[in-house]
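Those letters in the sequence shown? Residues 1 to 88, by my numbering.
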Amino acid sequence: MQQFTCPYCGPRDQSEFTYGREATSVPALDASAAEWQRFVYERDNPAGPHAEWWHHNHGCRQWLEIVRDTLTHEVLAIRAARPPEDRG
Ligand SMILES: [Zn+2]
């Protein structure tokens, strides 16, 4: 089983995490329907490094951005999806 090293909890089994979606910027609330279409329904699906949002739902319950190689499953980077100063 693969392990992810959560920046808050340390190394944890992947089963503690839930995949969210590819990491990308969220459109503004008044963005066009085409921009929201792209954000909600379209995915890049690259072969290689891919930034993804994962939720540590059985740990600290924080959203993380994980850069993972989709060919090898190697984890290249893990960081908080939002820096601590941005959390409400
Ligand atoms: Zn955690």
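Heads up, the beta-carbon is just placed ideally off N, CA and C, and yes, glycines get one too.
Nearest to residue i (by Cα), restricted to the options the options
i     : options                       : result
His56 : Asp30, Val75, Thr18 and Arg38 : Thr18
His73 : Ala33, Ala51, Ser32 and Trp36 : Ala51
Trp54 : Ala80, Asp69, Ala34 and Ala31 : Ala80
Gly10 : Tyr41, Cys60, Ala47 and Asp69 : Cys60
Leu71 : His58, Leu64 and Ala47        : Ala47
Residues bridged to residue i (per DSSP)
i     : result
Asp69 : Pro49
Thr24 : None; Thr24 has no bridge partner.
Chain-order list of residues whose beta-carbon lies under 6 Å from that of residue i (same chain, five-residue window excluded)
i     : result
Phe39 : Pro27
Val67 : Pro49, Ala51, Leu76 and Ala77
Asp30 : none
7 Å Cβ shell around residue i - same chain, five flanking residues per side excluded
i     : result
Arg43 : Glu22
Glu35 : Pro27
Contacts around residue i, its chain only, beta-carbon distance under 8 Å, and the 5 residues preceding and following it disregarded
i    : result
Met1 : Asp13, Gln14 and Ser15
Quick one, what's near ligand 1 if you take every residue whose CB is closer than 5 Å to any heavy atom, in chain order?
-> Listed by chain position, these are Cys6, Tyr8, Cys9, His56, Gly59 and Cys60.
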